[in-house]
Amino acid sequence: MIVTDPSRLSPLAALAARQGWLPWAVLITASLGAILEVIDVSIVNVALTHMQGNLGATLSEISWVVTGYSVANVIIIPLTAWLGRRFGRKTYFLFSLVLFIASSMLCGLATSLPMLIAARILQGLGGGVLLANAQSVIFESFPPERRSLAQAVFGLGVITGPAIGPILGGYLTDTLGWRWIFFINLPVGIVSVILAITFLPRDDASQKKTGESVDWLGIILLTIGLGSLQTLLEEGQQDDWFASRFISALAVTSVVAAVLFVWRQLTVSHPVVDLRVLRHRSVAAGSLYSMVLGAGLYGVIFAVPVFAQNYLHFNAMQTGNLLGPGAITSAVVMIMLARVTKFVDPRVLVAMGGLLTALVAYQLSHITTQSGTNELFWPLVLRGGSSVLMFLPLSLATLGPVPTRDIAASAGFYNLTRQLGGSIGIALITTVLARRQALHESILAEKVSLFNQATQERLEMLTAGFQTHASSVVNAHHQALAVMKGTIQAQAGVLSYADIFRYVALAFILTLPLLLLLGKGGKQAPVDAH
Numbered sequence: 013m014i015v016t017d018p019s020r021l022s023p024l025a026a027l028a029a030r031q032g033w034l035p036w037a038v039l040i041t042a043s044l045g046a047i048l049e050v051i052d053v054s055i056v057n058v059a060l061t062h063m064q065g066n067l068g069a070t071l072s073e074i075s076w077v078v079t080g081y082s083v084a085n086v087i088i089i090p091l092t093a094w095l096g097r098r099f100g101r102k103t104y105f106l107f108s109l110v111l112f113i114a115s116s117m118l119c120g121l122a123t124s125l126p127m128l129i130a131a132r133i134l135q136g137l138g139g140g141v142l143l144a145n146a147q148s149v150i151f152e153s154f155p156p157e158r159r160s161l162a163q164a165v166f167g168l169g170v171i172t173g174p175a176i177g178p179i180l181g182g183y184l185t186d187t188l189g190w191r192w193i194f195f196i197n198l199p200v201g202i203v204s205v206i207l208a209i210t211f212l213p214r215d216d217a218s219q220k221k222t223g224e225s226v227d228w229l230g231i232i233l234l235t236i237g238l239g240s241l242q243t244l245l246e247e248g249q250q251d252d253w254f255a256s257r258f259i260s261a262l263a264v265t266s267v268v269a270a271v272l273f274v275w276r277q278l279t280v281s282h283p284v285v286d287l288r289v290l291r292h293r294s295v296a297a298g299s300l301y302s303m304v305l306g307a308g309l310y311g312v313i314f315a316v317p318v319f320a321q322n323y324l325h326f327n328a329m330q331t332g333n334l335l336g337p338g339a340i341t342s343a344v345v346m347i348m349l350a351r352v353t354k355f356v357d358p359r360v361l362v363a364m365g366g367l368l369t370a371l372v373a374y375q376l377s378h379i380t381t382q383s384g385t386n387e388l389f390w391p392l393v394l395r396g397g398s399s400v401l402m403f404l405p406l407s408l409a410t411l412g413p414v415p416t417r418d419i420a421a422s423a424g425f426y427n428l429t430r431q432l433g434g435s436i437g438i439a440l441i442t443t444v445l446a447r448r449q450a451l452h453e454s455i456l457a458e459k460v461s462l463f464n465q466a467t468q469e470r471l472e473m474l475t476a477g478f479q480t481h482a483s484s485v486v487n488a489h490h491q492a493l494a495v496m497k498g499t500i501q502a503q504a505g506v507l508s509y510a511d512i513f514r515y516v517a518l519a520f521i522l523t524l525p526l527l528l529l530l531g532k533g534g535k536q537a538p539v540d541a542h
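Sequential numbering from 13 applies to the sequence shown in this note's numbering.
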């Protein structure tokens, strides 16, 4: 629980403590920082082509703007609890906010690709802390009976952030330029810093672990292992996976480093990542399901915009607006859910959310090149509601039964698995899309044979159509063949997306039994529980 000793608070925070609204001030403070982080994960994607042209980079080079941020994120998240103990949670939270704001400015001012990637890595190191730290602060600030409402308010921003990101990114990129997707962090970040200085309690010097020896070997192994894994996931498909020596080396490095890291953390007296929190059954099961949740939800939110832009020919703004109704639905369901979780077992709600998400994925598997906003509206609205049904109750069921002293470490691990799940999901989706599209193209090409009567008639009709536009017979024939090839590729692409959505639906159904291992999340375990 957050200490509200007036001697440790500012005058305004002391007033808030006396009036009973200090926890809500802390909630708003922590949520603003977390919202900054989750929006920045998705806001960049719609501006990559603009950055590519402006900085003269290739597609593979500009992808490191995303990869660098993600790698820094997954490295720093599991270190959050340890760094908070060592330097003080308020000090570390403020440092992370300032680093995030400063690196955002550097991103916006970048004049070269290496400068932008370096700034994005710094931004990832600052932003990765904000989500995990915010969640543990909120859990410790509210009594168990009020946590569901607090988590609902917090989750509102975390859930809607990935949907708001493309909308905001598309608008800023089309109207002001891609640099403003970074500059927009400045005003919100400054407000967050002021609120954190005002309302977060001062760090208790007696609780800092400054006397502990630093497990530098553990930090190095963590950095190498997670950095290699994240880079492998981000770049694997582009480099044809294990056909590349670089990707193969990353795979071996990540496995060896991970094994050594786990051994190190279980044997050292002061681990940088407390893996012992996995002794809590709810944390182990919840983190595993969180990985599936991250893969499924981030995978769908990644696949739909790509499909809309590549096959429905939506621009950045239209793609962003496509996700808007789902974000509004998330907000409405989140507010309603805050009261429902007091009476309904969170595992039941997560199961409902998983089944609804499976239904959404199945509905999306029927989209075609003729689909429009109307066909996508209700599935995406339902996705917005189902994601909330999983996110909030899963947090409660995972962290609710955990002793207070283990919440920070548990929250860090829990958020890490969702982040890794998202990366794994996107990597799997891009790989399966490429492989399934090649398979469907070969099958369709066999059926659309030049010896087929229907194919010959279609080819003759297209050739005649191009001849009316002053094309020669040879040119018209080549143009007709190009159109038919494009049609085959488009249909193969649609079929491969349909496969992806079916796989997502199947994954959510098959992992539902994990919910039986979660806690009810209604009561807080005693501090000395094991």
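We treat Cβ as the ideally placed atom computed from N, Cα and C, and that holds for glycine. Because the structure is a prediction, the values reported are computed rather than measured.
Cβ-Cβ separation, residue j to residue i (assumed contact under 8 Å), whole Å
i: residue 243; j: residue 83; result: 6 Å
i: residue 352; j: residue 409; result: No, residue 352 and residue 409 are not in contact; Cβ-Cβ is about 14 Å, not under 8 Å.
i: residue 96; j: residue 145; result: 6 Å
i: residue 501; j: residue 453; result: 6 Å
i: residue 276; j: residue 229; result: 6 Å
i: residue 395; j: residue 267; result: Not confirmed; about 34 Å, so no contact.
i: residue 138; j: residue 111; result: 3 Å
i: residue 297; j: residue 524; result: Contact doesn't hold; Cβ gap of about 12 Å is too wide.
i: residue 204; j: residue 109; result: 6 Å
i: residue 165; j: residue 39; result: 6 Å
Residue environment, residue i, which counts as buried when at least 16 other CB atoms sit within 10 Å
i: residue 439; result: buried
i: residue 206; result: exposed
i: residue 382; result: exposed
i: residue 293; result: exposed
i: residue 12; result: There is no way to answer for residue 12, as the model of the chain reaches only from 13 to 542.
i: residue 473; result: exposed
i: residue 252; result: exposed
i: residue 390; result: exposed
i: residue 399; result: buried
i: residue 41; result: buried
i: residue 63; result: buried
i: residue 322; result: exposed
i: residue 271; result: exposed
Backbone secondary structure at residue i - three-state DSSP
i: residue 252; result: coil
i: residue 323; result: coil
i: residue 282; result: coil
i: residue 126; result: helix
i: residue 68; result: coil
i: residue 378; result: coil
i: residue 109; result: helix
i: residue 357; result: coil
i: residue 12; result: The chain is shown from 13 up to 542; residue 12 falls before or after that span and cannot be answered.
i: residue 384; result: coil
i: residue 165; result: helix
i: residue 331; result: helix
i: residue 36; result: helix
i: residue 264; result: helix
i: residue 51; result: helix
i: residue 185; result: helix
i: residue 213; result: coil
i: residue 94; result: helix
i: residue 530; result: coil
i: residue 56; result: coil
i: residue 75; result: coil
Beta-carbon proximity list for residue i, same chain, < 6 Å, skipping 5 on both sides
i: residue 69; result: 125
i: residue 358; result: 405, 408, 409 and 533
i: residue 93; result: 420, 421 and 424
i: residue 373; result: 513, 516 and 517
i: residue 286; result: 421
i: residue 238; result: 86 and 87
i: residue 136; result: 81, 84 and 85
Cβ-based neighbour list, residue i, same chain, cut-off 8 Å, excluding 5 preceding and 5 following
i: residue 320; result: 326, 330, 331, 334 and 388
Other residues of its chain near residue i: CB distance less than 7 Å, five sequence neighbours each side excluded
i: residue 200; result: 44 and 48
i: residue 456; result: 500, 503 and 504
i: residue 308; result: 369, 437, 516, 519 and 520
i: residue 344; result: none
Pick from the options that is closest to residue i, judged by C-alpha positions
i: residue 5; options: 509, 487 and 106; result: Not covered by the structure: residue 5. The range shown for the chain is 13 to 542.
i: residue 6; options: 298, 165 and 117; result: Here the chain covers residues 13 to 542 and nothing more, so residue 6 does not appear.
i: residue 273; options: 247, 256 and 227; result: 227
i: residue 121; options: 195, 53 and 183; result: 195
i: residue 190; options: 442, 119 and 129; result: 119
i: residue 202; options: 343, 496, 365 and 113; result: 113
i: residue 417; options: 149, 492 and 103; result: 149
i: residue 365; options: 448, 346 and 380; result: 346
i: residue 214; options: 184, 133, 371 and 102; result: 102
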